[in-house]
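Only one structure is covered here, and it is reproduced in the block below.
Residue numbers (my numbering): 1 to 418.
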């Protein structure tokens, strides 16, 4: 699935990394037509804390993005069951951004106007950049699901925190695996999105630094009608392996079917979305092969001698208790919202305050918050909770193994040597 899917979004036209004119023009138009505001728990007590929830309730991505918020719901339920934060329960105020960057600032403004100071979402780097245009000046503590490395820049985005691993962390592991396999010539296959730009930048730094040559760069439009021309160019340019930012299930299928037609099975490393390629029935059997690896959290992988910890297994069982398709379970497990709400709890309790600046100060000095996938730390300048140490490369096509089968693919075998 593609949680970075949008039209291309400029990240260099202004110092804050947002093409403001496009976003704000769309936002002003949208404010006239209105964006759905869906307050939940209308009878909540006045001392409850509103948590903004930016997600697509309508639009073509609503059904596929919905499961990506389950981790946040699980955390909220756990926190509320344990008495809340400083004795106050968390309640959702949900707004619809349709997973559209032109709607994200409108949805964010709805929350700010309601006095919401804490926001979960949106999903996608382009959507997040648009949302931050509104939330940053309002000093809203926010965590979105955005892999672009710049999203963890505390100087540019002082109130946004990143709890998923970054493009740079993923590419570090991509390059490590390619290097261990003796690859010298790499082709890049990159979707046209803000996340794609960030991944490409990371690849162009990391791969040459490890002695590999980037022989081809292929940028394709999301949900491209035919991936074959891009794949043929990669092969004709001499690529021995593909480093891919292909996060949309449709495009992943197109890529593997295209390779099958070409009778070419290069080593592929890439985004977490490649876990989809290992889901039984997701792609034609004729297009499936074993040399496809996806970056994911290390604790969602296993070896013959190392199993996932019980805390992560318990979390995965809660995810499985919901009606989520196997194709969406992997992305649902790697969303940042579970860790975000527990980090919020840590910061509020440390600061003994719900003031945004005091929460920010508590987070900016945190060095070892217990996260689901490792220790989380921040500085004033670095707002990414995790680095490459929590990332591993998973064998996409390992879902038939007993542990992976038991957990419907939430756990995958770790690539050897990484």
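Quick reminder that beta carbons are idealized off the backbone N, C-alpha and C, glycines included.
Reduced DSSP category for residue i - H, G, I as helix; E, B as strand; rest coil
| i | result |
| --- | --- |
| residue 191 | strand |
| residue 121 | strand |
| residue 373 | coil |
| residue 244 | strand |
| residue 342 | helix |
| residue 185 | strand |
| residue 161 | coil |
| residue 292 | strand |
| residue 261 | helix |
| residue 42 | At residue 42 the pLDDT is 37, less than 50, meaning the model places this residue with poor confidence; the figure from the coordinates comes in the next sentence. Residue 42 falls in the coil class under three-state DSSP. |
| residue 283 | coil |
| residue 130 | helix |
| residue 100 | coil |
| residue 350 | helix |
| residue 198 | helix |
| residue 307 | coil |
| residue 356 | helix |
| residue 278 | helix |
| residue 209 | helix |
| residue 204 | helix |
| residue 224 | coil |
| residue 58 | coil |
| residue 137 | coil |
| residue 116 | coil |
The alpha helix (DSSP H) enclosing residue i, as first and last residue numbers
| i | result |
| --- | --- |
| residue 229 | 228-236 |
| residue 108 | 104-113 |
| residue 171 | 167-180 |
| residue 62 | 62-65 |
| residue 298 | Counting along the chain, residue 298 falls outside any alpha helix (DSSP H), and DSSP gives it neither H nor E. |
| residue 76 | 70-81 |
| residue 404 | 402-406 |
| residue 367 | Segment: none, residue 367 is in no alpha helix (DSSP H) and carries neither H nor E. |
| residue 273 | Where residue 273 is concerned, there is no enclosing alpha helix (DSSP H), given that its DSSP letter is neither H nor E. |
| residue 328 | 326-333 |
Residue of the options minimising C-alpha distance to residue i
| i | options | result |
| --- | --- | --- |
| residue 398 | 372, 418, 351 and 274 | 274 |
| residue 64 | 336, 287, 182 and 98 | 98 |
| residue 105 | 318, 80, 364 and 129 | 129 |
| residue 242 | 250, 302, 233 and 47 | 233 |
| residue 276 | 265, 160, 262 and 249 | 249 |
| residue 390 | 210, 216, 308 and 66 | 308 |
| residue 415 | 118, 178 and 159 | 178 |
| residue 150 | 168, 135, 264 and 326 | 168 |
| residue 252 | 327, 54 and 321 | 327 |
| residue 135 | 219, 147 and 107 | 107 |
| residue 302 | 259, 409, 170 and 261 | 409 |
| residue 203 | 180, 145, 269 and 257 | 269 |
| residue 375 | 214, 382 and 386 | 386 |
| residue 342 | 48, 355, 216 and 71 | 71 |
| residue 336 | 240, 68 and 47 | 68 |
| residue 212 | 339, 113, 255 and 176 | 176 |
| residue 196 | 230, 147, 231 and 240 | 147 |
| residue 47 | 83, 60, 131 and 61 | 83 |
| residue 205 | 174, 95 and 254 | 174 |
| residue 365 | 355, 373, 347 and 354 | 347 |
| residue 412 | 285, 77, 50 and 304 | 304 |
| residue 86 | 207, 163 and 49 | 49 |
| residue 306 | 403, 325 and 221 | 403 |
For residue i: DSSP bridge partner residues
| i | result |
| --- | --- |
| residue 92 | 51 |
| residue 153 | 382 |
| residue 414 | 394 |
| residue 85 | 88 |
Extent of the continuous beta strand (DSSP E) run through residue i
| i | result |
| --- | --- |
| residue 393 | 391-395 |
| residue 141 | 141-145 |
| residue 267 | 267-270 |
| residue 453 | Nothing about residue 453 can be reported from this structure: the residues present for the chain run from 1 to 418 only. |
| residue 220 | 213-220 |
Within-7 Å CB hit, residue i to chain B
| i | result |
| --- | --- |
| residue 403 | Looking for chain B here will not work: only one protein chain is present. |
Inter-stretch contact at 8 Å, needing at least 3 Cβ pairs: the region 390-401 / the region 296-304: A contact exists between the region 390-401 and the region 296-304.
The region 283-290 touching the region 185-192, judged by at least three CB pairs closer than 8 Å: Output reads no: the region 185-192 does not touch the region 283-290.
At least three beta-carbon pairs within less than 8 Å, the region 78-93 to the region 137-153: Segment contact: the region 78-93 against the region 137-153, fewer than three CB-CB distances shorter than 8 Å; contact not assigned.
Any 3 or more C-beta pairs closer than 8 Å across the region 120-137 and the region 48-60: In short, these stretches touch, since the Cβ pair count reaches three.
Three-pair Cβ contact test at 8 Å for the region 152-161 versus the region 215-230: No, because fewer than three Cβ pairs between the region 152-161 and the region 215-230 fall closer than 8 Å, the two stretches do not touch.
At least three beta-carbon pairs within less than 8 Å, the region 308-327 to the region 259-267: Contact fails: fewer than three Cβ-Cβ distances are below 8 Å.
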